[in-house]
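Residue numbers (the working numbering), protein chains in the order written: chain A, 1 to 137; chain P, 1001 to 1137; chain U, 2001 to 2137; chain F, 3001 to 3137.
There are 4 protein chains.
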Amino acid sequence: MHTYTARRRVEFADTDLGGICHFSRFVVFMETAEHLFFEQIGSSVHVEVDGKPVGWPRVSLQVDYKRPARYADLLDIEVRILRKGSKSLTFGHRVLRDGEELASGTMTSVCCVLEEGAVRSIPIPAAIADRIEQAPA
Amino acid sequence: MHTYTARRRVEFADTDLGGICHFSRFVVFMETAEHLFFEQIGSSVHVEVDGKPVGWPRVSLQVDYKRPARYADLLDIEVRILRKGSKSLTFGHRVLRDGEELASGTMTSVCCVLEEGAVRSIPIPAAIADRIEQAPA
Amino acid sequence: MHTYTARRRVEFADTDLGGICHFSRFVVFMETAEHLFFEQIGSSVHVEVDGKPVGWPRVSLQVDYKRPARYADLLDIEVRILRKGSKSLTFGHRVLRDGEELASGTMTSVCCVLEEGAVRSIPIPAAIADRIEQAPA
Amino acid sequence: MHTYTARRRVEFADTDLGGICHFSRFVVFMETAEHLFFEQIGSSVHVEVDGKPVGWPRVSLQVDYKRPARYADLLDIEVRILRKGSKSLTFGHRVLRDGEELASGTMTSVCCVLEEGAVRSIPIPAAIADRIEQAPA
Chain A
1 MHTYTARRRV
11 EFADTDLGGI
21 CHFSRFVVFM
31 ETAEHLFFEQ
41 IGSSVHVEVD
51 GKPVGWPRVS
61 LQVDYKRPAR
71 YADLLDIEVR
81 ILRKGSKSLT
91 FGHRVLRDGE
101 ELASGTMTSV
111 CCVLEEGAVR
121 SIPIPAAIAD
131 RIEQAPA
Chain P
1001 MHTYTARRRV
1011 EFADTDLGGI
1021 CHFSRFVVFM
1031 ETAEHLFFEQ
1041 IGSSVHVEVD
1051 GKPVGWPRVS
1061 LQVDYKRPAR
1071 YADLLDIEVR
1081 ILRKGSKSLT
1091 FGHRVLRDGE
1101 ELASGTMTSV
1111 CCVLEEGAVR
1121 SIPIPAAIAD
1131 RIEQAPA
Chain U
2001 MHTYTARRRV
2011 EFADTDLGGI
2021 CHFSRFVVFM
2031 ETAEHLFFEQ
2041 IGSSVHVEVD
2051 GKPVGWPRVS
2061 LQVDYKRPAR
2071 YADLLDIEVR
2081 ILRKGSKSLT
2091 FGHRVLRDGE
2101 ELASGTMTSV
2111 CCVLEEGAVR
2121 SIPIPAAIAD
2131 RIEQAPA
Chain F
3001 MHTYTARRRV
3011 EFADTDLGGI
3021 CHFSRFVVFM
3031 ETAEHLFFEQ
3041 IGSSVHVEVD
3051 GKPVGWPRVS
3061 LQVDYKRPAR
3071 YADLLDIEVR
3081 ILRKGSKSLT
3091 FGHRVLRDGE
3101 ELASGTMTSV
3111 CCVLEEGAVR
3121 SIPIPAAIAD
3131 RIEQAPA
């Protein structure tokens, strides 16, 4: 499966008093890369099915941190689909700086209809599933 | 090993347009519970050794999300040490609402001296290691 | 008008590489204190009117920063209503540490119905306006 | 004084349950635009003078919000210097989407040496002050 790459500067507000990018921000960068993936295949992370909003709540997350990122670093966040289930997607991520890997991880999300404050899993809508299948390898 | 519990309200700024607490915030809540642990044992996440600041950069992170948290939910974040290595600590976390588990996870950190922008791992200082050993079971 | 006080520890993720609490976090602390105010008077920042969600988008914000807050500082965030218009509320805020003022500010919000992605200002619903009037002085 | 423009997508994590970009994030976007300004003139927000780190803590902040920003909106954040004092800088900001102004604001920062956890204001170092003076009008 093709790898998509998002680019991101580490902002001042991303850092902590340890002088490095706070580790929780990597997770946000990875999410933004996933959303870029949805856009790149002509979809969106935020669609409606039968008039109801569809979202992708997380079910699991795993990150290995190898090297810290610092203020103003320019990061490349690579994302690709590791597994496409009937209701879920697992993305694999790598965070790089000048080609050096700073972190890697995986995040699994489940396709859900959001109704009246409740979250109910559904099969990935065909329109989205087809676009994922057709994404260039 | 004893379990320590931090309490936390989900704030408006913690939520996203899906109407639930953003998943990256769970990781911050877990971190804050770890810091509570350090305080409870009479230490701090932010100490100096030989005049140099000591910190605990993350090396890995893993979270399973079971149920969403919502605005104004009162969360209990349980934390306990799963493994104490010579240079690293692995914490186990559970996020609960009214006793119901919303998420669980583990985070491993390495004890490091922060020098001139570099990060160098060191054995956990005896003062901290002893307090961890003596923490009530 | 009575002053309500929220309490808050500065978390590690609130800090930046300057070693202090990032200034944008003060604004979040102030917001959380406002939400406490709504709860204290028996309302909520997140209600429905005629089946539609009502929110309080910001129209203006002003903060004076006097002293930095640091990691683990215990902050008291005072909030009171400075002005109650027909559609808007202006809150006044003070952020204190051990009685010493670190920052002060004002924030004005307009009562709005959120419809289909649009935001439309409305008079403050009577149920909320009455509770504000009756809040202890 | 020349206006510098930073570009930024509203990320999912920037939004709140009201379905719009959280107002505190505008302040972060404005800060990032300021930092771009420092880079554009060949300086940095994070320099050392006589071996000590120099930073720019905020002394005041004022924002007017006119229209909400939504997930995935592409924002232009304009920044220019409104006033250059001997120790302080006041920036003026506008946040635009497709040329439409969503918000405007001003932020004043004071040049400080950060020593041993203390913050002490200093005259803007000549190297920085000169670059500001020479920035294209």
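By construction, the Cβ of each residue, glycine as well, lies at the ideal position given by its N, Cα and C atoms.
To the nearest angstrom, how far is it from the Cα of D2064(U) to the Cα of V45(A)? 38 Å
Apart from the five residues on each side of it in sequence, which residues of its chain come closer than 7 Å, Cβ to Cβ, to K3084(F)? I3132
In or out: A33(A) buried (at least 16 other Cβ within 10 Å) or exposed? buried
8 Å is my cut-off, CB to CB: does F91(A) come that close to chain P? no
Any Cβ of chain F within less than 8 Å of the Cβ of F1026(P)? no
For Y1065(P), decide whether its Cβ has a neighbour in chain U, counting only Cβ atoms nearer than 8 Å. Answer no: the Cβ-Cβ gap between Y1065(P) and chain U never drops below 8 Å.
From the beta carbon of H2035(U), is the nearest beta carbon of chain P less than 8 Å away? yes
To the nearest angstrom, how far is the alpha carbon of L3082(F) from that of T3090(F)? 5 Å
Which residues does DSSP pair with E1115(P) in a beta bridge? A1118(P)
Going by C-alpha to C-alpha distance, which of F37(A), I20(A), A129(A) and E115(A) sits closest to G51(A)? E115(A)
Cβ contact check for the stretch 24-40 of chain A and the stretch 86-106 of chain A: 3 or more pairs under 8 Å: yes
Taking Cβ-Cβ distances shorter than 7 Å, what residues in chain A pair up with Y3004(F)? Going along chain A, no residue has its Cβ under 7 Å from Y3004(F), so there is no contact; the nearest lies around 15 Å.
Given this structure, state the Cα-to-Cα distance separating D14(A) from A2135(U), to the nearest angstrom. 39 Å
V2960(F) to G1042(P), Cα distance in whole Å? Because residue 2960(F) is not part of the residues shown, which for chain F are 3001 to 3137, the question remains open.
Beta-ladder partner(s) of A3103(F), from DSSP: Y3065(F) and V3095(F)
For the beta strand (DSSP E) that contains V45(A), what are its first and last residues? Element bounds for V45(A): n/a, residue is neither H nor E.
Contacts that H2022(U) makes with chain P (C-beta to C-beta distance below 9 Å): Here the premise fails: no neighbours, minimum Cβ distance about 13 Å.
Report yes or no: do the stretch 1121-1129 of chain P and the stretch 2056-2072 of chain U share at least 3 C-beta pairs separated by less than 8 Å? No: fewer than three Cβ pairs fall under 8 Å.
Within the continuous beta strand (DSSP E) that includes I128(A), where are the two ends? Bounds of any beta strand (DSSP E) do not take in I128(A); it lies within the alpha helix (DSSP H) bounded by A126 to Q134.
So, is the C-beta of A3103(F) closer than 8 Å to a C-beta in chain P? no
C-beta contact flag for C1021(P) and P1057(P) at 8 Å: A distance of 8 Å or more separates the beta carbons of C1021(P) and P1057(P).
Taking the DSSP output, what are the residues bridged to D73(A)? Looking at the DSSP assignment, D73(A) forms no beta bridge with any residue, so it has no partner.
Between the Cα of C3111(F) and the Cα atoms of G3099(F), S3088(F) and E3011(F), which residue gives the shortest distance? S3088(F)
With distances taken from CA atoms, which of T3005(F), R3097(F) and H3093(F) is nearest L3036(F)? Residue T3005(F) is the option with its Cα nearest to L3036(F).
Which residue from H2(A), V119(A) and D98(A) puts its Cα closest to that of R1070(P)? V119(A)
Rank V113(A), D76(A) and S86(A) by C-alpha distance to the C-alpha of D98(A) and give the top, closest one. Nearest of V113(A), D76(A) and S86(A) to D98(A), Cα basis: D76(A).
Looking only at its chain, what residues have a beta carbon closer than 8 Å to the beta carbon of Q40(A), apart from the 5 residues adjacent to it on each side? Y4 and A135
Going by C-alpha to C-alpha distance, which of G2018(U), E2011(U), R2009(U) and V2010(U) sits closest to E11(A)? The candidate whose alpha carbon is nearest that of E11(A) is G2018(U).
Report all residues from its chain with a CB closer than 6 Å to the CB of L3096(F); omit the five preceding and five following residues, and keep chain order. D3076
Terminal residues of the beta strand (DSSP E) in which V1988(U) lies: Since the first and last residues shown for chain U are 2001 and 2137, residue 1988(U) lies out of range.
Give the straight-line distance between the Cα atoms of S2086(U) and M3107(F), rounded to the nearest whole angstrom. Their Cα atoms are separated by approximately 30 Å.
Report the residues of the stretch 45-61 of chain A with a CB closer than 9 Å to any CB of chain P, ordered along the chain. H46, P53, G55, W56, P57, R58, V59, S60 and L61
Please report the residue range of the beta strand (DSSP E) in which A3006(F) lies. Y3004 to R3009
How long is the line joining the alpha carbons of A2072(U) and A129(A), rounded to whole angstroms? 46 Å
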